[in-house]
Structures are given as structure tokens and as C-alpha cells.
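Those letters in the sequence shown? Residues 14 to 125, by my numbering.
Worksheet: one structure, shown below.
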Amino acid sequence: MILFKHAHIFPILIGLKTQTRRTWEKARVKPGSIHLAKTEMISKQFFARLRILTVYQEKLGDMTEQDAWEEGGYTLDGYRETFQKIYGFWDDNRIVWAVKFEIIDKRELIYT
Numbered sequence: 014m015i016l017f018k019h020a021h022i023f024p025i026l027i028g029l030k031t032q033t034r035r036t037w038e039k040a041r042v043k044p045g046s047i048h049l050a051k052t053e054m055i056s057k058q059f060f061a062r063l064r065i066l067t068v069y070q071e072k073l074g075d076m077t078e079q080d081a082w083e084e085g086g087y088t089l090d091g092y093r094e095t096f097q098k099i100y101g102f103w104d105d106n107r108i109v110w111a112v113k114f115e116i117i118d119k120r121e122l123i124y125t
């Protein structure tokens with residue numbers, strides 16, 4: 014399972030958001046693994062199944078405009094603002110996990 018904000022559902026479902034950055038201490042996903050995309054941890058509701066393509070660490074300051082675009086159609090400045098809203102900070106030197114994924118199954122908020 015990977016949690017996303019509600020605002021990211023549509024960009025994921027249309028294939029615009031194909032990356033996510035996380036402040037995990039260690040990687041929680043592996044390339045090739047499949048995860049449910051959800052907005053709530055304890056809910057059985059999910060909106061897609063994602064296949065993890067790549068997982069790597071990088072400094073936030075090393076992100077490119079292309080990375081920001083693949084985070085959901087943002088400019089780099091727009092992504093910085095969104096990241097700050099979600100995590101409460103932006104630090105160019107902060108190491109984060111970058112996760113690239115693809116949709117393998119879209120759902121209309123299925124309850125299981």
C-alpha cells in the first residue's frame with residue numbers, strides 16, 4: 014500500500030503522476046512489487062494498483078523540472094510548495110526516497 018493525498022488521485026489515474034517522493038527512513042517498496050494506491054491507511058478502499066519501477070534516494074535539491082512534472086504536472090516551484098504543505102518543510106539537502114511507478118489496474122474507489 015502507498016498512501017496519496019486526494020488531490021493526487023486524478024493525476025495518477027490519467028498517468029500524469031508517475032513518481033512520488035517520501036521521507037521514509039528506509040525503502041518501503043521494491044522494484045517490481047505491486048501496491049494498492051490508497052488515501053487512507055485503515056480503509057479497504059483503493060483507487061489503483063501500482064507496479065514499482067524504480068526506487069532510489071536523492072537530495073530534494075537535485076530534483077529536475079522533469080521530476081516535478083512527473084510528480085503530477087508541477088513546475089519545480091509548484092512541487093516545492095506542495096511538498097511543504099504535505100511535510101511542513103523543504104530542505105534542498107534532505108535525502109528522500111524517489112519512487113517511480115506505473116498503473117497496472119485502475120479502480121473507481123473499490124471497496125473490498
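Built from N, CA and C at the ideal position, the CB exists for glycine as well.
Only a predicted model underlies this, so the values are computations on that prediction, with no experimental measurement involved.
Closer than 7 Å by C-beta to L73: which residues in its own chain qualify, once you throw out the five before and the five after it? Chain order, please. W103, D104, D105, R107 and V109
Determine which residues share a DSSP beta bridge with Y69 and list them. A111
Okay, do the stretch 35 to 44 and the stretch 75 to 82 touch, 3+ Cβ pairs below 8 Å being the bar? no
Measuring CA to CA, which of V68, K57 and R120 is closest to R35? V68
Return the CA-CA distance between F96 and S56, expressed in angstroms with no decimal places. C-alpha separation (whole angstroms): 24 Å.
Between the Cα of L16 and the Cα atoms of I27, G86 and H48, which residue gives the shortest distance? The option with the nearest alpha carbon to L16 is H48.
Closest by CA to T52, which one among Y92, K18 and R120? K18
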